[in-house]
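One structure below.
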Amino acid sequence: MLAFVSVALMVLDHRFAATSNLRSALSLVVDPIRYLVNLPTDIYNWASDSLTTHNTLEEENQTLRIRNQLLETKLQKYSSLVAENSNLRSLLKSVDQYEDQFQRVLVAEILSVDVDPFRRQIVINKGTGDGVYVNQPIVGAQGVMGKVVNVGPLSSTVMLITDPSHSLPVQVNRNGVRAIAVGEPRQNELSIIHQPNNADIRVGDLLVTSGLGCVFPSGYPAGRVIKINTNPSLPFAEIIVEPTAELDRNREVLLVWPSHRRLNEDETACSGPPKVKKP
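And the structure:
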C-alpha cells in the first residue's frame with residue numbers, strides 16, 4: 161500500500177504538480193532542520209577560514225612592516241646622498257669663482273671632531289700621501305674654514321678659524337679696512353681685535369681674507385659682522401663676527417693649493433708649496 165501510494169504521488173507530482181503546495185508547506189519545517197544539521201559544519205568552515213585569513217593577514221602585515229623599514233632605511237640613505245652631493249657641488253662651485261688662485265683642489269672627509277670646548281680642531285682623511293702640508297688652507301662651500309696644523313701619512317689635523325689659537329687676516333669687503341680675526345670657541349664665532357671705536361666697520365659687513373700671512377688666498381669669504389660694542393672708556397671696540405662657513409655641519413671639506421699669483425710684489429715671501437700640476 162505504501163509503495164502504491166508513493167508511486168501514485170510521484171505520478172501526480174510529475175504530471176500534474178499536485179504536491180507543489182504540500183512540498184512548499186513541508187519546506188517550512190524541513191529547512192530549519194537542514195540548517196541545524198549543517199550548522200556544525202558551517203561553524204567549522206567559518207572558523208577555519210577566519211583563522212587562515214587572520215594568519216595570512218599577520219604574515220602579510222609582518223612582511224609589509226619589514227619592507228617598509230627597508231624602504232625607510234634606503235630613503236634615509238638617499239637623503240644623505242642627496243645632501244652630500246649637494247655639498248660637493250657647492251664646494252666645487254665655490255672653487256670655480258677663485259680658479260685663478262688655486263693650483264689644485266682635493267675633497268677630504270672629516271673623520272673626527274675634537275670635543276674640547278676650548279679648541280676647534282678636526283681630523284680629515286688626507287695626509288702626506290696626498291700632498292697635504294702644514295698651514296695648508298681648508299675651505300668650505302660658504303667660506304674659509306681653517307688650516308692644517310699636523311700632517312700624518314693617512315690623516316691630518318685641521319685647526320678651524322674659531323679656535324682661540326687661530327688668527328685670520330681679513331679685510332672689510334665694503335671698504336678694504338684690514339683687521340685680524342681670532343677665534344671664540346665657546347660661541348663658535350670670531351672677534352676682531354685692536355680696532356678703535358671709530359673704525360669704519362658696520363654690522364652686516366662681509367669680511368674676506370686679505371691674503372696676508374701667506375696661508376689663505378685673498379678675497380675668500382670669512383665671516384659677517386653681527387655685533388659691535390663700543391665703550392669710550394676702552395681703547396678698542398668689541399666686534400663679533402659669525403663665520404660664513406658651516407663649521408659644525410659640513411662632512412666634506414676642500415683642500416686647496418694656493419698659487420699666490422695675486423699677491424703684491426712686496427709679499428714675494430709667500431712662495432707657498434711646490435707647484436703641482438692640475439689633475
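The C-terminal position of the sequence shown is numbered 439 in our numbering, with every residue numbered one higher than the one before it. Note that the Cβ used here is the ideal one computed from N, Cα and C, for glycine as well. Bear in mind that the values here come from a model prediction, so they are computed numbers and not experimental data.
Cβ-Cβ distance between G306 and I298 below 9 Å: Contact flag set, yes.
Cβ-Cβ distance between L367 and G343 below 9 Å: For L367 and G343, no; Cβs fall outside 9 Å.
At least three beta-carbon pairs within less than 8 Å, the stretch 411-419 to the stretch 388-396: These segments do not touch.
Residue closest to N391, alpha-carbon to alpha-carbon, out of V304, G371, L328 and N358: Comparing Cα positions, the closest option is N358.
Residue range of the unbroken beta strand (DSSP E) whose run includes P329: It spans S327 to V332 - the beta strand (DSSP E) in which P329 sits, taken as one unbroken run.
Distance CB(E269)-CB(N295) smaller than 9 Å: Contact: no.
Opposing strand residues paired with E349 [DSSP bridges]: The bridge partners DSSP lists for E349 are E344.
Cutoff 7 Å; reference L271; Cβ partners in own chain excluding five residues on either side: Exclusion of the five residues before and after L271 leaves V283, I284, N285 and S315 as the residues of its chain whose Cβ lies within less than 7 Å of its Cβ.
Close Cβ partners of K438 (< 7 Å) along its chain, the five nearest in sequence each way excluded: With a pLDDT of 41 at K438, under the threshold of 50, the predicted position of this residue should be treated as unreliable, and no value is reported.
Option in S419, S370, P377 and R334 with minimal Cα separation from V385: That would be R334, whose Cα lies nearest to the Cα of V385.
Close-in-space but distant-in-sequence residues of the same chain around T428 (CB under 7 Å, 5 per side omitted): With a pLDDT of only 42 at T428, under the threshold of 50, the placement of this residue in the model should not be trusted, and no figure is reported.
Boundaries (first-last residue) of the beta strand (DSSP E) holding G306: Residue range V304 to V311 is occupied by the beta strand (DSSP E) that includes G306.
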